[in-house]
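Protein chains in written order, with our numbering: chain A, 1 to 296; chain B, 297 to 654.
Glycine residues also receive a C-beta, built at the ideal position from the N, C-alpha and C atoms.
Each remark here refers to the structure printed beneath this line.
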Amino acid sequence: MSLDLFFQYLVAGITYGTIYAIVAIGFNIIYNTTGIINFAQGEFVMLGGMIGVTLHALVPMPVAIAGAVVVTMLVGALIEMLFIRWLRRPSVLRLIIITIGLSIGIRELALLLWGEGVRALPYFTGTAVTSLSIGDVHISPQVLWVLGISAVMVAALNFFFARTLLGRQMRACACNREAAQLCGISAKNMVTLSFVLSAGIGALAGCVISPITYVQYDSGTSLALKGFTVAILGGLGNSMAAIAAGLLLGSLESFSIWVMPAAYKDVIAISILLLILFVRPTGLFGNAEAARLKDY
Amino acid sequence: MARRRNLPIVVLALAVIAVQLASAAAGKPQYLTQLTMAGYYSLVIVGLTLLMGYTGQISLGHAGFFAIGGYTSGLLTTYNLHPRGGGGLVSLLQATGLLVAGQDLYGGDLLVVRPWAACLIAMLVAIGIAYLVGKPVLKLRGHYLAMATLGFGTIVYKVVLGSSLVGAADGISDIPAFPLFGGVVVTGKSALRVHNYYLAWGLVLGAMALLTNLVHSRVGRALRAIHGAEDAANAMGVDTARYKLNMFVLSAALAALGGVFLTHYNGGIGPSEASIMKSVRYVAIVAVGGMANLWGALIMGVLLNFLSLRGSFGSYDDAVFGLILLAIMLFAPDGLLRVELVRRVPGLRCVFGQERAP
C-alpha cells in the first residue's frame, strides 16, 4: 500500500468514524440518564438528513439544517412523552422491544413520506469533485465540515454537561436518580431532555454526513449498529472514549476493503461488536473493577 | 395431569384435519398452501417462545438460523459437483450414495447432494453455529444480549446478501423437491398440496408435543426459575448456563428445520428470509401470543403469518408487525392471549391454563 493511498483510506475512516462516534454519544446520553439503549437512535440520524433535504428545497441550507435539528428534537421529545414517560417500572426486555417497535415505525413512516429514493444535501462548499490537496492526498471540503461540526458539537456538549445548571442536573440524575430527585430535580424531565438532546445531535450528524453517504429511509439501522459497536468499544456511557473508539472502528472498516470485498464491510464492524461483547464487555477503556458491579 | 396436557395436542390434530376437510369442501384448496408455509414459520415461533418466554432470553437473530438451514440445504442440493467429478472427496461422496446425478434444463450433467443428506447437514450446521454463537452470547443479559443476537442476525444477512455463491440478492432458486418416504415429497406442486399440508402440520404437532412436555418437566421448572431470577436459580443448583445454551440450540434447530422444509417447499430462498425484520416479526408474534404461552404463540403465529402470506397487509407488512410489537409492549406486555384472561373461560382452561407457573 502506497503512503498516500494509506492516508486516503485513513481520511475516509476518520470521516465515518466521527459519525459513528456522534451516534454513540447519542446512545450514551440516553443510556446515562435512563439506562435504556434506544434502538431508534439511528432513525434520528436518518430523520435529520431527510428533513434537512426536504427543507432545503424551500429555505437556504443553514436554516434547513437548523429546522431539521429542531424538528427531530421535537420528534425525540414526542417519542419519550408518548411511549416511555408513563411506563411504570418497565423491564429491560419491554423497553428494548418498545424502542425496536419505534424504530420500525419511524422507518416505515419515512418510507411513506419520502419513498425509497436516495437523497442528499448539496456539498456545503464546492461540489462532489472539489478537493483540497495536501501532497498527494485529496480531501473533500465536506470531510472538513464533518470533522469541524462534530468537534464543535462535542465541545458544546462538554460545556453543557460541565458548566450549565441543566447539564449538571442531567449528570446528577445519571449518577443517582433518587438523590437527584430529593434535591428537587425532575428526573422525568431530564429523561425527556436526554431524548431531545440525542435526537438533536443525531439530526445534525445526519445533515452534515448526507452529501457524502446519502440518506435513505432505512439508512438508520446500520448506523445504529455501528454506533452501538462504538459505544460498547469505548465503554457504554463514556462519551470521550466513544470518540476514540469511533475513529478506531471507522479506520478498521476503511482498511478492511483492502483484504475483503466491500460487501462485507458491515460484517467487520459487527464482528468487532460481538468480539468485544464476548471478551471485554466493559469496552477498551472501561474499568474492570467498576464493571464487576454492573450487570451485563 | 398427563391426559390434560395431551388434550390440546389432540384438539390441534383434529383442527388440522377439520381445516383440510373444510377447505376441500369449500373448494378453496389454495388456502392450504399458505397454511403449510405458516406451519413451517410456526416451528421458528414455538422454538423462540421456549427461549424468550420460558427461559427469558431474547433473540433478535432467529431469522439467521432459519436462513442458515434453508440456505445450506438449498446450496447443497443445487451446487453442481459434476465439473469436480474427478476429485477424491466427490468420488468418496458418490461412493457412499450421498450424491445424486441428474440433468439441468439444458441437458447438461448435474451432480448434487441428495436432499435428505443436505437436510441433515443443514441441521448439523445450524446446530453447530447455534452452539458456537450461543456459548458466549448467552453470558450476556438485557441490552447486551439483544444487541449481540441482532449483530449475529445482521452478519448472516450481510453474508448471504454479499456472497455470489448463494446468489447474492437473488438468492437460490430451482431447489429440487425433497422426497421423504413413500410418496411424500416436499414440493410446492399443487397435486401434492394436501400431503404437504399434513406433513408441515405433523411436524408442528411433533414440536408442540415435545415442547409442551418439556416445559412441564423438571427442565421447564428450571427454565422458569432462570426467567424469574437467574442468580437465585444458580444458587439453588440449576446449571443456568447449560440450560440456557440447550434451549438456545433447540430453538435454533427448530428454526433451521422450518427453514429447510420451507426452502424445499418453495423451491427457493432469498436474503429477505435472513433479514432483521423477519427476526423482529418472530419476536412480535411471540409477544402477542403472551411470551410464555406456546399455544398462544402458535395461534397468533399461524393467524398473522397466514394473513401476511395472503397479502392482507399489502405493502405495510413490516409496519403492521412493528405496530403490533409496539402496541403489545405498551398496553399488554403479557400478550393478548393472556393466561389470566383465558383462564376465566372454563372451556379454554385445559388448553391454556397450565402454561404458566401457578
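Check, Outcome
"With 16 other Cβ atoms within 10 Å as the buried cut-off, status of residue 260 (chain A)", "exposed"
"Per-residue burial, residue 497 (chain B) [other beta carbons within 10 Å of its own, 16 or more giving buried]", "buried"
"Option nearest residue 411 (chain B) by Cα separation, candidates B:614, B:483, B:355", "B:483"
"Neighbouring residues, chain A, relative to residue 583 (chain B) (Cβ below 9 Å)", "97"
"Exposure label - residue 492 (chain B); buried when at least 16 CB within 10 Å", "buried"
"Interfacial residues, the region 208-225 of chain A to chain B, with Cβ spacing under 9 Å", "221, 222, 225"
"Residue environment, residue 313 (chain B), which counts as buried when at least 16 other CB atoms sit within 10 Å", "exposed"
"Whole-angstrom C-beta distance between residue 468 (chain B) and residue 370 (chain B), which should lie under 8 Å", "4 Å"
"Contact under 8 Å by Cβ, residue 418 (chain B) with residue 368 (chain B)", "yes"
"Minimum Cβ-Cβ distance from residue 488 (chain B) to chain A less than 8 Å", "no"
"Spatial distance of residue 170 (chain A) from residue 69 (chain A) (CA atoms)", "21 Å"
"Proximity to residue 567 (chain B) [Cα-Cα], best of B:464, B:441, B:423, B:328", "B:464"
"Residue 25 (chain A): first and last residue of the uninterrupted beta strand (DSSP E) it sits in", "Counting along the chain, residue 25 (chain A) falls outside any beta strand (DSSP E), though it belongs to the alpha helix (DSSP H) covering 3-34."
"Short CB-CB distance (under 8 Å) between residue 102 (chain A) and chain B", "yes"
"is_contact[residue 340 (chain B), chain A] using C-beta, thresh 8 Å", "no"
"Any 3 or more C-beta pairs closer than 8 Å across the region 508-526 of chain B and the region 313-327 of chain B", "no"
"The alpha helix (DSSP H) enclosing residue 470 (chain B), as first and last residue numbers", "No alpha helix (DSSP H) contains residue 470 (chain B), which DSSP labels as neither H nor E."
"Bounding residues of the beta strand (DSSP E) (the contiguous stretch that carries residue 614 (chain B))", "Element bounds for residue 614 (chain B): not the beta strand (DSSP E) but the alpha helix (DSSP H), 613-627."
"Residue(s) in a DSSP beta bridge with residue 138 (chain A)", "A:133"
"Chain-ordered neighbours of residue 267 (chain A) on chain E, where CB pairs are closer than 7 Å", "Chain labels in this structure do not include chain E; the protein chains are A and B."
"Cβ-Cβ distance between residue 356 (chain B) and residue 376 (chain B) below 8 Å", "no"
"Interface residues of chain B facing residue 83 (chain A) [CB-CB closer than 8 Å]", "622, 626"
"Beta-carbon separation (whole angstroms), residue 626 (chain B) vs residue 580 (chain B), contact threshold 8 Å", "Wrong, their Cβ atoms sit about 13 Å apart, outside the cutoff."
"At least 3 beta-carbon pairs within less than 8 Å: the region 224-238 of chain A vs the region 126-138 of chain A", "no"
"Enclosing alpha helix (DSSP H) for residue 266 (chain A) [first to last residue]", "265-279"
"C-beta neighbour in chain A for residue 632 (chain B), strict 8 Å", "no"
"Proximal residues to residue 225 (chain A) (C-beta, below 8 Å), its chain only, five neighbours per side dropped", "42, 266, 269, 270, 273"
"Opening and closing residue of the alpha helix (DSSP H) in which residue 655 (chain B) lies", "Outside the modelled stretch of chain B, which goes from 297 to 654, sits residue 655 (chain B), for which no answer is possible."
"Status (buried if at least 16 other CB within 10 Å, exposed otherwise) for residue 156 (chain A)", "exposed"
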